Amino acid sequence: PDPAWAPVTGAGHHGPVTAAEHPVDVVRARPVRLRRVTAVAAVLIVVAFVGIAAVLGGSASEGVVFGPADQVAMVCLGLLVAGGVLLLGRPAVTADSAGLHVRNIVASHDVPWEVVREVAFRDGSPWAVLELADDDQLALLAVQSSDGDRAVAAVRGLRALHARHAAG
């Protein structure tokens, strides 16, 4: 089973399911394509900064000599930038009968089903959103349209959990 999206049913079945086939107990979603892109970008950034640090070693520009401390600083800067890029792949959603735990890039939210009006994934939208009872929206950055069928399956699982909660 794909670890990025795995609905978990009472029978231990993994993979896309519909509400008619099996009731979904837990839905977990992470952006697969985005995580791959950010991992590759982070590696390229570190390699570029290490390359720059190597070229700087012992060079001089307008009277300024770049030494080992400057090289270390350049590598550290590259690691910081790469870490920032990796944050973009951090989003995750875990939902069960009690509600959802939504982790976006920086913030995390625990949302009970009572305040969720709808799980929406509009045409042309880059990610799914929760329509909340107070007319607010919460982006589900973990459910990205670029993930295709995985995103559709995650939204179906979330909708099935929401419908089960609404039905009592």
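The opening position of the sequence shown corresponds to residue 2 in the working numbering, with each subsequent residue numbered one higher.
For every residue, glycine included, the Cβ atom is placed at its ideal position computed from N, Cα and C.
Source: prediction; values computed, not measured.
In chain order, what residues of the same chain have a beta carbon less than 8 Å from the beta carbon of leucine 142, not counting five sequence neighbours either side?
Residues Pro32, Pro92, Asn105, Ile106, Trp128 of the same chain have their beta carbon placed closer than 8 Å to that of leucine 142, with the five preceding and five following residues left out of the count.
Taking only three categories from DSSP, how would you classify glutamate 115?
Reduced to three states, the DSSP call for glutamate 115 is helix.
So, with DSSP's three-state summary, where would you put aspartate 150?
Correct three-state label for aspartate 150: helix.
Can you tell me whether glutamate 22 is buried or exposed, with buried defined as 16 or more other CB within 10 angstroms of its CB?
Low local confidence applies: a pLDDT of 48 at glutamate 22 is under 50, so the model's placement there is unreliable, and no value is given.
Pick out whichever of Val103, Val48, Glu132, Ala83 has its Cα sitting closest to the Cα of arginine 118.
For the residues Val103, Val48, Glu132, Ala83, the minimum Cα distance to arginine 118 belongs to Glu132.
On the DSSP letters alone, give me the boundaries of the alpha helix (DSSP H) that valine 44 sits inside.
That run of the alpha helix (DSSP H) goes 33 to 57.
Give the range of the beta strand (DSSP E) segment to which valine 107 is assigned.
Looking at the DSSP string, valine 107 is not in any beta strand (DSSP E), and its letter there is neither H nor E.
Leucine 57 beta carbon less than 8 Å from that of serine 98:
Annotated as distal: serine 98 and leucine 57, with beta-carbon spacing of 8 Å or more.
Take every Cβ of the region 30 to 47, pair it with every Cβ of the region 75 to 91, and state whether three or more of those distances are shorter than 8 Å.
These segments touch.
Paired residues, beta bridge with glutamate 132 - DSSP
BP columns for glutamate 132 point to Glu119, Gln138.
Under 8 Å between the Cβ atoms of valine 120 and leucine 87?
Taking 8 Å as the Cβ cut-off, valine 120 and leucine 87 do not qualify as a contacting pair.
Rank Ile53, Ala168, Ala30, Asp137 by C-alpha distance to the C-alpha of glycine 90 and give the top, closest one.
Ranking the options by Cα distance to glycine 90, first place goes to Ala30.
Where alanine 96 falls: helix, strand or coil (DSSP):
Of the three classes helix, strand and coil, the one that applies to alanine 96 here is strand, per DSSP.
Determine, using beta carbons only, whether alanine 134 and valine 116 come nearer to each other than 8 Å.
It is a contact, given that the beta carbons lie within the stated cut-off.
In angstroms with no decimal places, state the Cα-to-Cα distance between glycine 13 and valine 28.
Residue placement at glycine 13 cannot be trusted, given a pLDDT of 37 that sits under 50; the coordinates are not used to answer.
Could you tell me if alanine 125 is buried or exposed, where buried requires 16 or more neighbouring beta carbons within 10 angstroms of its beta carbon?
Note that residue 125 is glycine in the sequence shown, not alanine. With fewer than 16 other Cβ atoms within 10 Å, it is exposed.
Going by the beta-carbon positions, is the gap between leucine 35 and serine 146 smaller than 8 Å?
No, Cβ-Cβ distance for leucine 35 and serine 146 is not below 8 Å.
Tell me whether leucine 180 sits in a helix, a strand or coil according to DSSP, three-state version.
There is simply no residue 180 to check, as the chain begins at 2 and stops at 169 in what is shown.
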